[in-house]
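**Q**
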Amino acid sequence: MTQVATTVAKTVQPDAYLKSLDAREFTAKFNRQPFTIGHQLVDHPLFDLQRLVELSQFLPPNSVEYNSGDLPVTQDPDLTPRNGLAIDETIRRIEECQSWMVLKNVEQDPEFRDILYDCLDEIREIVEPIAPGMRVREGFIFVSSAGSVTPFHIDPENNFLLQIRGHKQVQLFDVEDRSVMSEEQLEKFFTGAHRNIPFLPEYEAKGHWFELQPGEGLHFPVAAPHWVKNGSQVSISFSITFQTDSSQRRQSLHRWNNGMRRMGIPPSPVGARPWSDEVKYAGIRGCRVAKRILGKK
Ligand SMILES: [Fe+2]
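Quick look at the structure:
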């Protein structure tokens, strides 16, 4: 531990992990459009493969997901092929084992929690006036072999993906484009459906491509559909994520709309009628209060 702390002090300044944080760009694009930032984590010893092996053994089994990296863009989550290896072996042999792995909620380890929170504190300074209430701060580390594919999917968090090692290509789609992701898909996702969604040939021309090199980061708006392809080397990426008042409100409204649809009542899409959203959200908060009161009895 002492050795790691000493190395950290020599390689990076903990108060300045991120760079190129442009307040005007955040104001114009945050959680609406993708944009890039920079970071100084490339040589950080926490992202050495051996340290990641230790992290993978520290985390509970349900915080480690891994499989073959040789996947199509559309992947049925129930049929995702395994790689036949143990977790630690997968990381040690990542150069050759053609695999994909995510270490989830790395904030469970105090050293990773510190670096995650330091990075997000830098983001919060700019984001708070735009989208107040940063909370549910979670970190994910992706370790994957050359050429690995992350199938087409959506994620529930405000996300900045920081590329540490290797490079990857990301095709990212407009979160508001209902010809790519329907309102029903969003509702089901926020009610517990798997993140993977089908990729149809006609989507190809609609997405924007981003190429991430070490030292670069990309902002993903909440639930913006995307898929990822690694370059010709092992890739390590650090995903720093959070919720805000606004993102949690939208999740609640999608879940409410899912309930309405299941009762046969077609809901107005979230954001289409602000007054309708207000009424629904008042109902959601009322239900929560009622549950708390009943739970206490
Ligand atoms: Fe993702």
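So the mapping is simple: the numbering used here equals the position in the sequence shown, first residue as 1, plus 98. Just so it is clear, CB atoms sit at the ideal spot from N, CA and C, and this is done for glycine as well.
So the beta strand (DSSP E) Q261 belongs to, where does it begin and stop?
**A** Where Q261 is concerned, the enclosing beta strand (DSSP E) stretches over N256 to R263.
**Q** What residue does the beta strand (DSSP E) around G314 start on, and which one ends it?
**A** The question names Gly, yet the displayed sequence has Glu at residue 314. From DSSP, the beta strand (DSSP E) with E314 extends over E314 to F318.
**Q** Cβ atoms of W325 and T248: under 8 Å apart, would you say?
**A** Closer than 8 Å, so yes.
**Q** CB of H265 to nearest heavy atom of ligand 1: below 7 Å?
**A** False, no ligand heavy atom lies under 7 Å from that Cβ.
**Q** For the pair the segment 328-343 and the segment 291-303, tell me if three or more CB-CB distances fall below 8 Å.
**A** The segment 328-343, when compared against the segment 291-303, does not touch it at the 8 Å Cβ threshold.
**Q** So for H142, helix, strand or coil by DSSP?
**A** DSSP places H142 in coil when its eight states are reduced to three.
**Q** In the segment 150-228, which residue ranges form an unbroken beta strand (DSSP E) of at least 3 residues, counting only runs that do not cross its ends?
**A** Within the segment 150-228, the complete beta strand (DSSP E) runs of at least 3 residues are 162-166 and 197-201.
**Q** Can you list the alpha helix (DSSP H) stretches of 4 or more residues lying completely in the segment 329-363, in chain order?
**A** You should have 343-360.
**Q** Could you tell me which of P227, R235 and R130 sits nearest to D212, measuring between CA atoms?
**A** Taking only the C-alpha atoms, the option nearest D212 is R235.
**Q** Within a Cβ cutoff of 6 Å, which residues of the same chain sit near L169, ignoring the five residues on either side of it in sequence?
**A** Counting only Cβ-Cβ distances below 6 Å, and skipping sequence neighbours, we find V247 and P249.
**Q** Give me the residue from S197, K389, E194 and K327 with the minimum Cα distance to V171.
**A** Nearest option by C-alpha distance: K327.
**Q** Using the three-state DSSP reduction, which class does V387 fall into: helix, strand or coil?
**A** Looking at V387 - three-state DSSP - the assignment turns out to be helix.
**Q** Could you give the C-beta distance for V268 and L310, rounded to a whole number, given that I count them as a contact under 8 Å?
**A** Confirmed, about 7 Å.
**Q** For F133, which of helix, strand or coil comes out of DSSP?
**A** Coil, per DSSP.
**Q** For P132 versus P319, is the C-beta spacing smaller than 8 Å?
**A** Yes; because the gap between Cβ atoms is below 8 Å, this pair is in contact.
**Q** Quick one: is the Cβ of D253 within less than 7 Å of any heavy atom of ligand 1?
**A** The answer is yes for D253.
**Q** Closest by CA to V278, which one among G305, L150 and N203?
**A** If we check each option's Cα against that of V278, G305 comes out closest.
**Q** Check whether the Cβ of H324 sits closer than 7 Å to any heavy atom of ligand 1, and report yes or no.
**A** Checking every heavy atom of ligand 1 against the Cβ of H324, one is found closer than 7 Å.
**Q** For F287, name the three-state secondary structure that DSSP assigns.
**A** If DSSP states are grouped into helix, strand and coil, F287 belongs with the helices.
**Q** Please state if the CB of V273 and the CB of A229 are separated by a distance shorter than 8 Å.
**A** In this structure, V273 does not lie closer than 8 Å to A229 by Cβ.
**Q** How long is the line joining the alpha carbons of E209 and N181, rounded to whole angstroms?
**A** If I take the Cα positions, the gap works out to 29 Å.
**Q** Excluding the 5 residues flanking I382 on each side, which residues of the same chain have their C-beta closer than 7 Å to its C-beta?
**A** For I382, where only same-chain residues beyond five positions count, the Cβ hits under 7 Å are S350 and W354.
**Q** Nearest-angstrom Cα distance between S197 and Q206?
**A** So the two alpha carbons sit approximately 24 Å from each other.
**Q** If we ignore side chains and look at the alpha-carbon of each, how far apart do R191 and T125 end up?
**A** Straight-line Cα distance between these residues: approximately 42 Å.
**Q** How many angstroms separate the CA atom of R276 from the CA atom of P372?
**A** Between R276 and P372, the C-alpha separation is close to 18 Å.
**Q** Distance, Cα to Cα, S118 vs D176?
**A** Answer to the nearest angstrom: the Cα atoms are 40 Å apart.
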